[in-house]
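Student: So the protein sequences, as listed, match chains L and D. Per my numbering, the very first residue in the first sequence carries number 1; after that it's consecutive. Per my numbering, the very first residue in the second sequence carries number 281; after that it's consecutive. Where is the CB? At the ideal position from N, CA and C, for every residue including glycine.
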Amino acid sequence: MENSALEKVASQVRRDIVRMVSAVNSGHPGGSLGCADFLSFLYFEQMNFNAETFDMDGIGEDLFFLSNGHISPVWYSVLARAGYFPVAELGTFRKLSSRLQGHPSTDKKLPGIRMASGSLGQGLSVAAGAAQVKKLNGDKGIVYTLHGDGELQEGQIWEAAMYAAANHVDNLIATIDYNGRQIDGDVEDVMSLGNLAQKWIAFGWEVLEMDGHQFEDIRAKMTAAKAMCGKGKPVVIIMKTEMGQGVDYMMGSHKWHGVAPNAEQLTAALAQLEESLGDY
Amino acid sequence: MEFEILGNKDTRSGFGEGLAELGRTNPDVVALCADLTGSLKMDAFQKENPDRFFQAGIAEANMIGLAAGMTIGGKIPYTGTFANFSTGRVYDQIRQSVAYSQKNVKICASHAGLTLGEDGATHQILEDIGMMRMLPNMTVIVPADFNQTKQATIAIAEHQGPVYLRFGRPVMPIFVKPDAKFLIGKADVLAEGTDVTIIACGHLVWKSIEALAILKEKGISAELINMHTIKPLDVQAILTSAAKTGCVVTAEEHMMNGGLGEAVSQVLSREFPCPQEYVAVNDSFGESGTPMELMTKYGIDTQDVVNAAMRAIARKA
């Protein structure tokens with residue numbers, strides 16, 4: 001896909017995000033905006049899937065698990081824009097009886113979602129299990145995950161990291177949204193991750209670093225990650241992003257992690273984001 | 281009614297045999313263990329199906345997540361570790377990745393309750409039935425002996441959805457016929473009687489069988505129900521029997537809070553109020569000791585079932 005086309009997708013996804021959270025005065029815009037470029041690339045260029053025939057098993061397809069489920073707005077928008085369900089349904093986000101729960105769930109049967117997430121740290125284990133079953137089934141699909149950087153404070157992440165390396169789960173590509181922010185402040189202040197790349201290397205993973213807002217770099221690193229698959233090691237991409245990317249007043253702070261813009265702030269945000277594919 | 285003792289074995293070995301049989305008959309079954317393969321008797325499955333056995337190491341949270349992920353692609357994962365590490369340690373993983381996500385994971389838990397014995401209270405979980413039966417979508421099964429544990433292990437592969445299967449360590453008499461059919465949610469009436477209904481699960485079923493003989497000597501006719509499925513509960517079996525006898529004893533190797541007795545009392549209080557007595561551990565941790573010493577000290581032995589039956593009968597109007 002042309003970079004200009006990807007930029008149009010990501011811009012519309014960002015509009016969707018701020019409109020969704022503003023409409024219900026709740027949700028998590030900061031991390032969602034920061035991952036809009038990555039998830040747009042993943043679903044519009046990288047992954048092999050068929051949105052119309054979605055089923056839980058995803059045989060022969062690439063799979064994606066969102067481990068940091070609170071950035072559900074970006075995932076819902078990308079899923080809808082990729083054809084998993086009508087974009088109009090984005091207007092039901094966080095409302096009673098919606099399939100678009102505050103955090104992703106399977107019980108309302110929203111196409112595109114295979115696992116609930118929200119309680120942090122569980123997605124890497126799930127992805128490693130799904131990846132091992134793909135191998136058992138002779139299925140060449142790749143399993144992708146996305147994690148918050150603050151989420152790496154959860155111990156289960158490192159259990160899964162140790163397991164995936166020890167068991168050569170080499171059809172697994174994990175991405176870390178390395179924006180350096182979490183609810184209480186900067187990750188560095190709340191609980192430093194130390195040398196993150198060295199940690200993953202020590203755990204036995206292939207490590208790539210990527211600019212999560214430059215499609216050229218995203219393409220280069222995601223292509224490289226895919227080429228590393230099948231060679232005995234799982235792959236992790238440390239993706240540098242800006243929380244709130246695309247909305248000037250949300251950038252450079254942790255304060256928009258879980259706060260929705262009011263009507264006036266929404267207008268200011270939308271003025272910065274092109275309506276490229278049509279609002280829902 | 282006479283009970284024939286068919287042998288003496290531990291229920292965990294019934295799980296091991298059932299899992300091995302599944303390995304031979306159901307190619308979708310996979311197994312995971314957190315460094316307790318020998319204790320869970322999963323060796324045979326591992327040996328015969330090395331590609332379908334996954335050693336998770338001492339990392340139970342990851343094991344539950346792996347199992348949830350393995351359902352995606354059509355596998356039926358069986359996880360094995362001690363009951364304490366199968367539930368309390370990983371409650372949130374089970375809650376989100378298994379129960380809420382409606383994944384077809386079979387959580388198989390050995391060394392449950394006091395009869396784990398000498399290792400003491402850190403390992404003797406008495407709250408697991410309560411935790412698991414509170415979870416929506418979860419089926420909870422506590423088989424009574426070796427044969428029934430083997431049968432239940434095989435039966436749950438055919439059930440679509442999360443299951444908690446609880447069994448234990450001590451060698452106990454076998455009394456369920458080897459060819460009995462295990463039906464999830466359908467209680468077994470082991471003895472018919474008219475004075476009191478005893479509803480038991482797990483090791484307490486055998487203790488209740490022993491109690492029947494003592495009660496009979498006292499001229500008391502007790503009905504005994506093996507309530508191997510705690511959830512979904514066989515409500516009809518409870519009501520039919522209680523209507524006949526007019527009082528109930530529940531017996532379990534579990535905390536009184538949250539266990540079988542509480543599940544039964546929910547049914548009785550709504551549908552057929554009558555005296556109920558509890559044989560269960562009363563808001564206490566366990567301690568080191570032999571399994572049988574502990575059952576006596578903590579009030580879940582044969583004589584405790586007898587005493588509870590006498591109390592229940594005395595309370596009848």
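1) Tell me which residues share the same chain as A314 (chain D) and place their Cβ nearer than 7 Å to its Cβ, disregarding the 5 neighbours each side in the sequence.
2) Roughly how many angstroms lie between the CA atoms of M411 (chain D) and G538 (chain D), to the nearest whole one?
3) Please state the DSSP three-state secondary structure of N506 (chain D).
4) If we define contact as Cβ-Cβ less than 8 Å, is F354 (chain D) a contact residue for chain L?
5) Taking the CB atoms as reference points, tell me whether F44 (chain L) and G112 (chain L) lie closer together than 8 Å.
6) What residue range does the alpha helix (DSSP H) around H483 (chain D) cover?
7) Roughly how many angstroms separate the alpha carbons of N384 (chain D) and G349 (chain D), rounded to a whole number?
8) Under the rule that 16 or more other beta-carbon atoms within 10 Å means buried, what is T145 (chain L), buried or exposed?
9) Can you list, in chain order, the residues of its chain whose CB lies under 7 Å from that of A523 (chain D), leaving out five sequence neighbours each side?
10) Output needed for K221 (chain L): all residues of its chain with C-beta closer than 7 Å, excluding positions within five of it in sequence on either side, in chain order.
11) Could you name the residues that DSSP lists as bridge partners for L66 (chain L)?
12) Can you tell which of D:A460, D:Q431 and D:E542 has the C-alpha that lies nearest to the C-alpha of I479 (chain D)?
13) When Cβ atoms are compared, which residues of the segment 132-155 of chain L fall closer than 8 Å to chain D?
14) In or out: G526 (chain D) buried (at least 16 other Cβ within 10 Å) or exposed?
15) Within 8 Å (strictly less), CB to CB, does Y578 (chain D) reach chain L?
16) Within the continuous alpha helix (DSSP H) that includes Y178 (chain L), where are the two ends?
17) With a CB to CB cut of under 7 Å and the five nearest residues on each side skipped, what residues in its chain are close to V13 (chain L)?
18) Which residue spans inside the segment 409-449 of chain D form an unbroken beta strand (DSSP E) run of at least 3?
19) Measuring only the C-alpha atoms, how far is I201 (chain L) from S568 (chain D)?
20) With DSSP as the reference, please indicate the residues paired to I601 (chain D) in a beta bridge.
21) Under DSSP, the beta strand (DSSP E) around Q556 (chain D) begins and ends at which residues?
22) If contacts are defined as beta-carbon pairs under 8 Å, then L504 (chain D) and I518 (chain D) qualify, I think. What distance do you get, rounded to the angstrom?
23) Would you mind sorting N48 (chain L) into buried or exposed? The rule is 16 or more other CB atoms within 10 Å of its CB.
24) Helix, strand or coil for N288 (chain D)? Go by DSSP, reduced to three states.
25) Quick one: Cα of V190 (chain L) to Cα of K199 (chain L), how far?
26) Start and end of the beta strand (DSSP E) containing D211 (chain L)?
27) Does I374 (chain D) pass the burial test, meaning 16 or more other C-beta atoms within 10 Å, or should it be called exposed?
28) Between E398 (chain D) and the rest of its own chain, which residues show a CB-CB distance below 6 Å, the 5 nearest in sequence each way excluded?
29) Do the CB positions of A434 (chain D) and E301 (chain D) come within less than 8 Å of each other?
Tutor: Straight from the coordinates:
1) Residue numbering aside, residue 314 (chain D) sits at position 34 when the second sequence is read from its first letter. Around A314 (chain D): A336, G337, I338, A339, E340, M343, T361 and F365.
2) Position 131 of the second sequence, counted from the start, is the residue given in the question as residue 411 (chain D). Position 258 of the second sequence, counted from the start, is the residue given in the question as residue 538 (chain D). Rounded to the nearest angstrom, the two C-alpha atoms are 7 Å apart.
3) The sequence position of residue 506 (chain D) within the second sequence is 226, counting from 1. Here N506 (chain D) sits in strand by DSSP.
4) By one-based count along the second sequence, residue 354 (chain D) stands at place 74. Inspection of the sequence shows that residue 354 (chain D) is occupied by Gly rather than by Phe. Chain L, which has a Cβ nearer than 8 Å to the Cβ of G354 (chain D), makes this yes.
5) Within the first sequence, the letter at position 44 stands for residue 44 (chain L). Within the first sequence, the letter at position 112 stands for residue 112 (chain L). Result no, Cβ atoms of F44 (chain L) and G112 (chain L) do not sit closer than 8 Å.
6) Within the second sequence, the letter at position 203 stands for residue 483 (chain D). H483 to E497 is the extent of the alpha helix (DSSP H) around H483 (chain D).
7) The residue you call residue 384 (chain D) lines up with position 104 of the second sequence. The residue you call residue 349 (chain D) lines up with position 69 of the second sequence. Spanning the two alpha carbons is a distance of roughly 10 Å.
8) Working through the first sequence from its first residue, we reach residue 145 (chain L) at position 145. The C-beta of T145 (chain L) has 16 or more other C-beta atoms within 10 Å across all chains shown, which makes the residue buried.
9) What you label residue 523 (chain D) is simply residue 243 of the second sequence in a count that begins at 1. Cβ within range, chain order: F552.
10) Here the question's residue 221 (chain L) lines up with position 221 in the first sequence. Around K221 (chain L): L208, M210 and I237.
11) Within the first sequence, the letter at position 66 stands for residue 66 (chain L). Partner(s): L:L146.
12) Here the question's residue 479 (chain D) lines up with position 199 in the second sequence. Taking only the C-alpha atoms, the option nearest I479 (chain D) is D:E542.
13) So the close ones are Q132, V133, K134, L136, N137, D139 and G155.
14) As a working mapping, residue 526 (chain D) is identified with position 246 in the second sequence. G526 (chain D) comes out buried.
15) The residue labelled residue 578 (chain D) in the question sits at position 298 within the second sequence. It does not: the Cβ of Y578 (chain D) has no partner Cβ on chain L nearer than 8 Å.
16) To locate residue 178 (chain L), count along the first sequence from 1; it is residue 178. No alpha helix (DSSP H) holds Y178 (chain L); the beta strand (DSSP E) holding it covers L172 to Y178.
17) Your numbering for residue 13 (chain L) matches position 13 in the first sequence. So the qualifying residues of the chain are A36, S40, V74, S77, V78 and R81.
18) 419-421 and 443-446
19) Numbered from 1 along the first sequence, position 201 holds the residue referred to as residue 201 (chain L). Numbered from 1 along the second sequence, position 288 holds the residue referred to as residue 568 (chain D). Distance between the alpha carbons of I201 (chain L) and S568 (chain D) is about 43 Å.
20) With chain D running from 281 to 597 in the structure shown, residue 601 (chain D) is simply not present.
21) Working through the second sequence from its first residue, we reach residue 556 (chain D) at position 276. Counting along the chain, the beta strand (DSSP E) containing Q556 (chain D) begins and ends at Q556 to V561.
22) Here residue 504 (chain D) refers to the residue found at position 224 of the second sequence. Here residue 518 (chain D) refers to the residue found at position 238 of the second sequence. Their Cβ separation, rounded to whole angstroms, is 13 Å, which puts L504 (chain D) and I518 (chain D) out of contact at 8 Å.
23) Locating residue 48 (chain L) in the first sequence gives position 48, counting from the first residue. Counting Cβ neighbours within 10 Å, N48 (chain L) comes out exposed, since fewer than 16 surround it.
24) Here residue 288 (chain D) corresponds to residue number 8 of the second sequence, with the count starting at 1. In the structure shown, N288 (chain D) sits in a strand (DSSP, three-state: E or B).
25) Locating residue 190 (chain L) in the first sequence gives position 190, where the first residue counts as 1. Locating residue 199 (chain L) in the first sequence gives position 199, where the first residue counts as 1. For V190 (chain L) and K199 (chain L), the distance between alpha carbons rounds to 18 Å.
26) For this step, residue 211 (chain L) is matched to residue 211 along the first sequence. E206 to D211 is the extent of the beta strand (DSSP E) around D211 (chain L).
27) On the second sequence, residue 374 (chain D) is found 94 positions in, with the first residue counted as 1. I374 (chain D) is buried by the Cβ-count criterion.
28) Numbered from its first residue, the second sequence carries residue 398 (chain D) at position 118. The answer, listed in chain order, is S568.
29) Your numbering for residue 434 (chain D) matches position 154 in the second sequence. Your numbering for residue 301 (chain D) matches position 21 in the second sequence. It is worth fixing the name first, because residue 434 (chain D) is Ile in this sequence and not Ala. The answer is yes: Cβ separation under 8 Å.
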